[in-house]
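Written out below as structure tokens is the structure these notes cover.
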Amino acid sequence: MDIRQLNYFIAIAETKNYSHAAKSLFVTQPTLSQSIKKLEAELNTSLFMQNGRQLQLTEAGDILYQRGKHLIKDFDSILREIQQLNQPKKEVIRVGLTSLFAIQFMKEISTFMATHSKVEVSLIQDGSRKLQDYLAKGEIDIGLLSFPSIRKDITIEPLQTSTKGYKVSIVMPKNHFLASYNSIKLKQLKDTHIASLDESYMLGEMLPRRSRSLGFEPKIVFKHNDWEVLLHSLKSLDAVTILPSDFEKLSQVKDLVWIPFNDKNGFYPIGLAYRDGYSFSSIVEEFLSIIKTN
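In terms of this note's numbering, the sequence shown is residues -12 to 281.
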């Protein structure tokens, strides 16, 4: 038995049909039939039995199928490992950033990737609060995050770029009773249903903490980590949400109003974050140099 025969056998076992297996393998049906006959003769047992229009595994066939899948997987893994020995190893940069910052800095990131083909840039998107934890645990190398820093084992340095941060808006349906205001303070949301980003995001963490400091518990009726889902939920929930103002021009949801958030948390500056003691490689330095051209 060779690996090719085993591949043929597994394809037939999974499609339960010689014709379908032949098409998936780009070989002729007689080739498959002959291969299985030789394999059964070698093993001195039947591997399939006919069940109506489908092939069914015998007891021996089931054993070969279950064990054979692992053999094929191991064989493919060995091939990949050997093939990679002669491939130049790429340096990997793991960058954590929010969906907003991914949009704002994508031109610079794309420029770096286009000019550094031997470097793999892995983008990990999440909320700034959660990304700080990833950074501290060594799961990402650097981050484009919004302040404030909530950990003592990382550093966030302000970025001196054209994108210095984001303003915040209160978003609601046009027929909401607050929709006519020019700006809104958090205490005005005391009795209002709120659809909120979860605590992975600075805005999601800020809402309950800041509300309690003002003497009330926010009426959060829905939490999610996707800003578009939050926007789509507002009409049915008769709720408002708190989001970066930049999302307004990206949103496809109609009949919403975006009102400036009048609060000390109405603007979040952006910074470059890294673990304490982390040494920047020359490639990371080049990446940051391009990011700073924003």
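Glycine included, each C-beta is placed from N, C-alpha and C at the ideal position.
**Prompt:** What are the start and end residues of the alpha helix (DSSP H) that includes serine 223?
**Reply:** 214 to 224
Checklist line | Beta carbon of serine 232 nearer than 8 Å to that of aspartate 113 | finding: no
Requested in this report: Tell me, to the nearest whole angstrom, how far the beta carbon of leucine 190 is from that of asparagine 212; I am working on the premise that it is less than 8 Å.
Outcome: In fact, because the Cβ distance is near 11 Å, the residues do not count as touching under 8 Å.
**Prompt:** serine 198: which of Thr2, Lys210, Arg40 and Lys177 sits nearest, CA to CA?
**Reply:** Lys177
TODO: State the beta-bridge partners of arginine 81 as determined by DSSP.
DONE: Ser109
Between the region 161 to 180 and the region 257 to 265, do at least 3 Cβ pairs fall closer than 8 Å? no
Go through the region 23 to 80 residue by residue and report every complete run of the alpha helix (DSSP H) that reaches 4 residues or more, in order.
-> 46 to 72
Open item on the list: Using 8 Å as the threshold, is the C-beta distance between lysine 77 and glutamate 126 below it?
Closed with: no
* **8 Å Cβ cutoff met for asparagine 281 and isoleucine 171** => no
Check: Over what stretch of residues does the beta strand (DSSP E) that includes leucine 131 continue unbroken?
Finding: 129 to 133
So, is arginine 116 buried or exposed, given that buried needs 16 or more other C-beta atoms within 10 angstroms? buried
Next on the checklist: Please report the distance separating the alpha-carbon of lysine 124 from that of serine 149.
Outcome noted: 30 Å
* To do: Check the DSSP bridge columns for methionine 159 and list the partner residues they point to.
  => Val244
Taking the CB atoms as reference points, tell me whether tyrosine 52 and isoleucine -3 lie closer together than 8 Å.
yes
* To do: Can you say whether glutamine 147 is buried or exposed, counting buried as having 16 or more other CB atoms within 10 angstroms of its CB?
  => exposed
Checklist line | Own chain, CB closer than 7 Å to isoleucine 137, minus 5 neighbours either side, in chain order | finding: Arg116 and Gln119
- request: Return the chain-ordered list of same chain residues with a C-beta closer than 6 Å to the C-beta of phenylalanine 99, the five sequence neighbours on each side being excluded.
  value: Phe274 and Ile277
Outcome for serine 156 when other beta-carbon atoms lying within 10 angstroms are tallied against a minimum of 16: buried
Using the beta-carbon count (16 or more within 10 Å), is alanine 101 buried or exposed? exposed
Would the C-beta of alanine 89 count as close to the ligand MG, meaning under 7 Å from any of its heavy atoms?
This structure lacks the ligand MG; in fact it carries no ligand of any kind.
* Asked: Just reading off the alpha helix (DSSP H) that arginine 196 is part of, what are its end residues?
  -> 189 to 200
Go ahead and pull the three-state DSSP assignment for glutamate 235. helix
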